[in-house]
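In the working numbering, the protein residues as written are 6 to 271.
Every residue gets a Cβ at the ideal spot worked out from N, C-alpha and C, and that includes glycine.
This report concerns only the one structure given below.
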Ligand SMILES: Cc1cc2nc3c(=O)[nH]c(=O)nc-3n(C[C@H](O)[C@H](O)[C@H](O)COP(=O)(O)O)c2cc1C
């Protein structure tokens, strides 16, 4: 399956069939987690945990396993975490293993204990791992409808042609990579990514939503940006481009509440 097909097929899964993960799948997920690097070169320790002892989520039904990651709380930790987690999520999708990145709806203390969280470390999110049930629970259906999980902002609302006042009309040769960004999952489906396209460059920005930690030194929405960067880079590579990751304000004037995150050049 191409990466774009995998990205198109993925959706958050909250209702599982109750079966444990097959040993072969656990092995592949562990292998992927070990090598799931990120452009910030920030190390993340991943563990696959068995359900029980508070390791559950009020929105998840029938999952026997969870995966969680922990890391030092450093600059760019959020983007790095989102980027690496999404590599694992996409591998799971290829294996037929369902996931939902979860930052809020969990017993955080139980997961932090299971991860052996130490001072200075953070466990931003976890995900259930399992095989999707044939039918989603009523609660899952209601939740998806409530956050409009099947919709995304339109192309012209998130991609810009050199400046934020000029919506991008056409993605040209990189259209598919931009579509991979547009389809990415995000917390409460807020889709905070905004991307300014210049010749052979894409500059990623975050449009902060109120109440998601902007200004607290820890911004959950930057995890969404990490996921978007991951989708873009993987799609570009598959399309034959060689995107180089860069951190450096491109000098584009950004609207109030919109901040620069990172760029790719090719
Ligand atoms: C950083 C992040 C945090 C999330 N936290 C939760 C959560 O706490 N509970 C939950 O049910 N879903 C959570 N989600 C899943 C989103 O609600 C979901 O990705 C979004 O609604 C789009 O739906 P889709 O993944 O099916 O495309 C989270 C997703 C991300 C990326």
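Excluding the 5 residues flanking it on each side, residue 99 has same chain C-beta neighbours closer than 7 angstroms at 6 and 11, in chain order. When distances are taken from the beta-carbon of residue 229 to the heavy atoms of ligand 1, the shortest one is below 7 angstroms. With distances taken between CA atoms, residue 104 lies nearest to 137 out of 137, 129, 79 and 115. In this structure the region 12-32 touches the region 67-75; the number of beta carbon pairs closer than 8 angstroms is three or more. Boundaries of the beta strand (DSSP E) around residue 200: 198-203. By the criterion of at least three beta-carbon pairs nearer than 8 angstroms, the region 83-95 is not in contact with the region 142-150. Ligand 1 approaches residue 19 closely enough that one of its heavy atoms is under 7 angstroms from the residue's Cβ. Contact annotation: residue 189 and residue 232 have beta-carbon atoms nearer than 8 angstroms.
Contact fails between the region 255-269 and the region 114-125, because fewer than three Cβ pairs, one in each stretch, are under 8 angstroms apart. Put simply, of 166, 246, 119 and 40 the residue whose alpha carbon is nearest the alpha carbon of residue 203 is 166. By the neighbour-count criterion, in which a residue is buried when 16 or more other Cβ atoms sit within 10 angstroms of its Cβ, residue 14 is exposed. Residue range 70-77 is occupied by the beta strand (DSSP E) that includes residue 74.
By the neighbour-count criterion, in which 16 or more other beta carbons inside 10 Å mark a residue as buried, residue 168 falls on the exposed side.
Around the C-beta of residue 75, 16 or more other C-beta atoms lie within 10 Å, and the residue is accordingly described as buried. In terms of side-chain proximity, the C-beta atom of residue 110 is found nearer than 7 angstroms to a non-hydrogen atom of ligand 1. In this structure, the CA atom of residue 257 is about 15 angstroms from the CA atom of residue 173. Residue 163 and residue 229 have their C-alpha atoms spaced approximately 14 angstroms apart.
Put simply, the backbone Cα of residue 97 is about 30 angstroms away from that of residue 201. Between the C-alpha atoms of residue 234 and residue 135 there is a straight-line separation of about 26 angstroms. At least one heavy atom of ligand 1 falls within 7 angstroms of the beta-carbon of residue 191. Contact check for residue 142 against residue 107 fails: the beta carbons are separated by 8 angstroms or more.
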